[in-house]
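Mapping of the sequence shown onto this note's numbering: residues 26 to 427, in sequence order.
Even for Gly, the Cβ is constructed at its ideal location relative to N, Cα and C.
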Amino acid sequence: MTERQKSPAEQQSADVVILGAGPAGLTLGNILHAAGIDCVVLERADDAHVRTRARAGFLAANTVRVLERHGLADGLNRRGRPHGTCEFRTEDGSFRLDYGTLGRRELHTVYPQQDLVTDLLARYLDAGGRIAFQAEAQTVRDADGPRPTVTVRDAEGRPGLWRARYVAGCDGRHGAARRSLPPGTRRHHRDHGVTWLGLLAEAPPSMDAVGYAMHPDGFAGHMARTADITRYYLQYEPGAPADAWSEKRIWAALDRRMRTDEHGPLHHGRILQRSVIHLESDVVEQLRHGSLLLAGDAASLPAPAAAKGANLAVLEAELLAEALIDELRRGDSRALDGYSARCLAHIWRAQEFAHWMIQFLHSPVGPAGESFFHESMRRSRVESLRTSRTHQDWFAENYVGL
Ligand code: APR
């Protein structure tokens with residue numbers, strides 16, 4: 026039976042209660058439901074918001090394999106576009122890396138995340154999956170025992186309660202799962218000291234590559250989103266509001282940093298969306314706390330410099346689904362006991378590469394002597410990537426891989 030209605034106020038139960046209908050929660054829900062596991066997704070937003078929330082869609086080859094394994098990749102295989110080239114524009118000249126021919130020879134698939142989430146949601150509902158929209162989880166209780174509960178509030182603010190055997194926290198970095206972690210849970214946070222102005226421009230892509238520009242004025246980035254929409258990033262003044270720069274100033278900065286006088290013009294257009302992104306990372310030390318398990322952004326937040334977020338979310342969702350199926354179907358808890366360590370190995374690998382990318386793309390701020398030292402190292406890294414095949418293979422393996 027498909028439940029689209031808002032969550033009722035009375036008590037309900039499921040073997041697995043999943044918090045959040047993003048890539049992590051919906052991938053997990055689809056795999057569990059297909060295996061006959063009694064599960065429900067609790068999502069605070071409404072259906073329309075979940076389907077339209079625009080997010081980057083830069084899917085790693087492994088992510089496509091996971092989705093294909095579970096019959097969830099029809100949309101991205103029909104409408105996704107392969108992508109395999111980066112172009113670096115620096116003070117010492119520009120170069121391109123066809124990373125799809127390097128390392129493991131894997132490509133990204135460009136597929137807007139809102140389309141992926143819409144596909145996952147449609148598949149879950151069509152299969153009869155249970156989901157409650159506008160059901161905001163408040164607290165996860167008694168996770169240290171075998172019968173955790175989740176308190177929720179529906180759109181009218183009415184309280185509800187869900188009983189479960191396991192709760193999957195897929196509700197992001199600021200969700201109820203993280204709020205419900207035991208006191209003293211270790212979180213590792215890193216502020217990278219860099220701020221971006223993220224832009225969505227109503228303009229066709231200006232390059233057939235992901236563009237990374239390093240300039241004395243700061244970093245600029247270019248990523249195709251669709252044939253008519255392009256994502257740009259500009260290194261930005263920390264603390265400045267998103268509307269501090271006029272569109273004229275934004276395009277002038279992008280032209281200058283992308284060196285359009287050397288490489289040709291950018292397609293300008295209306296700025297549809299702006300957001301200030303302060304680059305930071307964090308990792309929750311343990312992803313399992315009794316019968317509460319974390320996946321996706323609830324587990325870790327990789328800095329956006331390497332587009333790892335949604336890819337880690339799908340990877341972790343499959344690992345968690347397999348572990349829960351082993352335990353609930355066969356009473357075999359080994360995979361569940363090893364879940365946290367397995368995910369953390371992938372998370373730290375992604376964090377390390379995102380950190381490397383941030384150091385690689387941005388001129389440091391700091392005391393003059395230190396800046397010169399870091400800046401010289403940064404330019405040497407660029408030269409190494411430009412000239413060393415070994416370095417290029419390493420880059421390709423980490424840029425696309427997980
Ligand atoms: N109760 C119920 N739902 C909640 C709550 C709550 N208290 N708090 C948040 N949510 C929902 C959000 O509305 C969202 O739909 O949880 C979902 C979390 O989805 P994402 O933020 O997309 O997180 P995740 O599935 O982990 O995906 C991680 O995908 O969004 C991209 O790049 C982004 O790195 C991120 C990646």
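Bridge partners of residue i, per DSSP?
| i | result |
| --- | --- |
| Pro184 | Arg178 |
| Val65 | Val42 and Arg155 |
| Phe113 | Phe120 and Tyr237 |
| His314 | Leu317 |
| Gln37 | Trp187 |
| Val165 | Val175 |
| Leu429 | One cannot answer for residue 429 here, as it falls past the ends of the chain, which runs 26 to 427. |
Can you say whether residue i is buried or exposed, counting buried as having 16 or more other CB atoms within 10 angstroms of its CB?
| i | result |
| --- | --- |
| His214 | exposed |
| Thr174 | buried |
| Phe398 | exposed |
| Gly321 | buried |
| Lys273 | exposed |
| Ala147 | exposed |
| Pro241 | exposed |
| Gln298 | exposed |
| Glu181 | exposed |
| Met13 | With the chain represented from 26 up to 427, any question about residue 13 goes unanswered, as that position is not in the structure. |
| His74 | exposed |
| Pro208 | exposed |
| Pro290 | exposed |
| Gln260 | buried |
| His133 | buried |
| Gln36 | exposed |
| Pro137 | buried |
| Met26 | Model confidence at Met26 stands at a pLDDT of 37, short of 50, so the residue's coordinates are unreliable; what they give is reported in the following sentence. By the 10 Å Cβ count, Met26 comes out exposed. |
| Arg155 | buried |
| Ser316 | buried |
| Asn55 | buried |
| Gln30 | Note that Gln30 scores a pLDDT of 48, beneath 50, so its modelled location is shaky and nothing firm can be said. |
Figure out for me which residue from the options has the closest Cα to the Cα of residue i.
| i | options | result |
| --- | --- | --- |
| Ile296 | Ser325, Gly321 and Ile254 | Ile254 |
| Pro263 | Gly426, Gly243, Val219 and Pro290 | Val219 |
| Ala324 | Ala49, Ala39 and Val41 | Ala49 |
| Ile350 | Ala60, Ala46 and Ile43 | Ala60 |
| Ala162 | Leu141, Gly200 and Arg106 | Gly200 |
| Val165 | Ala278, Leu318, Leu92 and Gly100 | Leu318 |
| Pro266 | Ala249, His58 and Ile302 | Ile302 |
| Asp233 | Trp221, Thr251, Gly223 and Leu224 | Thr251 |
| Arg198 | Asn102, Val308, Val91 and Asp140 | Val308 |
| Val192 | Gly96, Asp40, Ala335 and Gln139 | Asp40 |
| Asp167 | Leu206, Trp270, Arg155 and Ala342 | Leu206 |
| Leu84 | Val142, Ala245 and Asp72 | Val142 |
| Gly153 | Arg281, Ile62 and Ser396 | Ile62 |
| Leu145 | Gly128, Asp72 and Trp187 | Asp72 |
Cα separation between residue i and residue j?
| i | j | result |
| --- | --- | --- |
| Pro33 | Gly185 | Because the pLDDT of Pro33 is 48, which lies under 50, any placement of that residue in the model is unreliable, and the number read from its coordinates should be weighed accordingly. Cα-Cα distance, rounded: 7 Å. |
| Gly236 | Leu122 | 11 Å |
| Leu304 | His217 | 6 Å |
| His314 | Arg414 | 43 Å |
| Val177 | Tyr364 | 27 Å |
| Leu53 | Gly356 | 19 Å |
| Thr126 | Val407 | 19 Å |
| Arg374 | Arg183 | 42 Å |
| Leu386 | Ala332 | 14 Å |
| Ala278 | Ser119 | 18 Å |
| Glu422 | Leu337 | 15 Å |
| Leu410 | Leu326 | 26 Å |
| Pro171 | Glu68 | 23 Å |
| Val89 | Gln384 | 28 Å |
| Gly109 | Tyr124 | 5 Å |
| Ala157 | Val66 | 6 Å |
| Ser306 | Leu369 | 14 Å |
| Gly294 | Ser271 | 13 Å |
| Glu287 | Arg114 | 10 Å |
| Ser300 | Val135 | 21 Å |
| Ser358 | Ser231 | 51 Å |
Which of the three DSSP states, helix, strand or coil, is assigned to residue i?
| i | result |
| --- | --- |
| Arg121 | strand |
| Glu227 | strand |
| Met402 | helix |
| Glu408 | helix |
| Thr52 | helix |
| Met248 | strand |
| Arg354 | helix |
| Trp419 | helix |
| Tyr257 | strand |
Please confirm if residue i has its CB atom under 9 Å from at least one CB of chain D.
| i | result |
| --- | --- |
| Pro263 | Here there is only one protein chain, and chain D is not present. |
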